[in-house]
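In the order they appear, the protein sequences are chains A and B. First residue of the first sequence: 570, per the working numbering; consecutive thereafter. First residue of the second sequence: 48, per the working numbering; consecutive thereafter. The C-beta atom is built at its ideal place from N, Cα and C for all residues, glycine as well. Predicted model only: the values in this text are computed from it and were never measured. See structure below.
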Amino acid sequence: MAFLINGRPSKSPMAPLLFGGVFAVAGLVPLFLALTQGSGALALFGLVFLGVGGAIMAQGIRQLVSRLAFREAELQPLRETWKLGSKARFKLQLEPKRPLQVVKATVRLATLEYAYYSAGSDSRTYTETLHQWDGELSLPASLDRRLEQELEVEIPRTIPPTWTGRHNRFETTVEVKVQIDQWPDLSLTQTLRVAPEEA
Amino acid sequence: MSELLELQLDADVVEAGEHLRGRVRLPLDDGKLEKAKALVVKAVARVHGSGTPETVEVLLHQAEGPFHGQASVAFEHRLPEGPVTWAGRYVKVDWTVQASLEVPWAVDPKVELPFRLVPRKWREDERQTG
Numbered sequence: 570m571a572f573l574i575n576g577r578p579s580k581s582p583m584a585p586l587l588f589g590g591v592f593a594v595a596g597l598v599p600l601f602l603a604l605t606q607g608s609g610a611l612a613l614f615g616l617v618f619l620g621v622g623g624a625i626m627a628q629g630i631r632q633l634v635s636r637l638a639f640r641e642a643e644l645q646p647l648r649e650t651w652k653l654g655s656k657a658r659f660k661l662q663l664e665p666k667r668p669l670q671v672v673k674a675t676v677r678l679a680t681l682e683y684a685y686y687s688a689g690s691d692s693r694t695y696t697e698t699l700h701q702w703d704g705e706l707s708l709p710a711s712l713d714r715r716l717e718q719e720l721e722v723e724i725p726r727t728i729p730p731t732w733t734g735r736h737n738r739f740e741t742t743v744e745v746k747v748q749i750d751q752w753p754d755l756s757l758t759q760t761l762r763v764a765p766e767e768a
Numbered sequence: 048m049s050e051l052l053e054l055q056l057d058a059d060v061v062e063a064g065e066h067l068r069g070r071v072r073l074p075l076d077d078g079k080l081e082k083a084k085a086l087v088v089k090a091v092a093r094v095h096g097s098g099t100p101e102t103v104e105v106l107l108h109q110a111e112g113p114f115h116g117q118a119s120v121a122f123e124h125r126l127p128e129g130p131v132t133w134a135g136r137y138v139k140v141d142w143t144v145q146a147s148l149e150v151p152w153a154v155d156p157k158v159e160l161p162f163r164l165v166p167r168k169w170r171e172d173e174r175q176t177g
């Protein structure tokens, strides 16, 4: 199974699985204590942790299961950097293990600004979507063999080029989402490097 | 703004990765110029807004004193690729050129001038080669 995009995993399902797992296990401890001591507050505390952990794990499981239907699911940019106003091109490679019915496929280009604030124990993340474009992707209704398709997304001139500081960053991503009949949605995300150049 | 120093830039809009040119004018007949040890010119991006503020600094020019009899010091340096000037909801980027004269046992005269760092325009020859 190839989930690697340019040698690094794209939104690995392991992260939510592990993070959610830790939360869920952390919830089990107060639940166990609540059962032995008969404390309602502890039980509630444990249930909250268990619920949050379970929800995060469910997201990871969905991502993992969605990819289990594919021998290969990859979204690869055809160049490393893209200029403002140019068309970023990608290669989408899908190889299902068994025939799948595609309900809908979409592509999204999003540029976000992130600001991280931390002072003492107070830390916050501010996120703002600066640009979002959604389009439909034309895929065959029945996916029964390896598919290799190129897709193009226009990068607007008005977005800030990619920049990552210590506490602030501008990031542009492309996400391909494939809705599959009776199967979790497949989501492939790639971060674009937008150069400070205008085409 | 300092009365001792004056900053002049060839352009107040500079493309990312291109050269920033300008000069620091040093008024004559001042004792401070004779005592001055160094002149430092920097381009500073102040990234602020809702996140923890941070700065990006580029040393444009450094000259050793004394500067007596010198009317101005020219500088030219390539600017980084980013961050470009930006005014977002949570992230703001402001670029300035800062010049300071290091004078021992005195308040260092300083001057600051804002400019804009913008994405570089793709030239026609680059357009043809892709």
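The beta carbon of B:Ala153 does not come within 9 Å of any beta carbon belonging to chain A, so the residue lies off that interface. For B:Trp133, the nearest beta carbon of chain A is closer than 9 Å to its own beta carbon. CA-to-CA, the gap between A:Leu613 and A:Leu600 works out to about 8 Å. Under the DSSP definition of a beta bridge, B:His108 partners with B:Val88. In terms of CA proximity to A:Ser756, A:Glu641 leads the group A:Arg667, A:Leu611 and A:Glu641. Distance from the CA of A:Glu767 to the CA of B:Asp141, rounded to the nearest whole angstrom, comes to 20 Å. Collapsing the DSSP output to three states places A:Ile749 in a strand. Here the alpha carbons of B:Glu128 and A:Val743 stand approximately 22 Å from one another.
The beta carbon of A:Leu647 lies closer than 7 Å to those of Arg658, Phe659 and Lys660 in the same chain, with the five residues before and after it left out. Scanning its chain for C-beta atoms nearer than 6 Å, with the 5 sequence neighbours on each side dropped, one finds around A:Gln748 the residues Val672, Lys673 and Asp754, in chain order. Bounds of any alpha helix (DSSP H) do not take in B:Phe122; it lies within the beta strand (DSSP E) bounded by Ser119 to Arg125. Proximity of B:Val61 to chain A, defined by a Cβ-Cβ separation below 9 Å, is not satisfied. One alpha carbon belongs to B:Glu159, the other to A:His700, and they sit about 33 Å apart. Any Cβ of chain A closer than 9 Å to the Cβ of B:Glu101 would place that residue at the interface, and such an atom is present.
Burial state of A:Ser635 is buried, judged by a 10 Å Cβ sphere holding 16 or more other Cβ atoms.
Comparing alpha carbon positions, the residue from A:Thr733, A:Gln632 and A:Thr696 closest to A:Pro585 is A:Gln632.
For B:Pro161, the closest Cβ of chain A is not nearer than 9 Å.
By the criterion of at least three beta-carbon pairs nearer than 8 Å, the stretch 675 to 694 of chain A is in contact with the stretch 720 to 730 of chain A.
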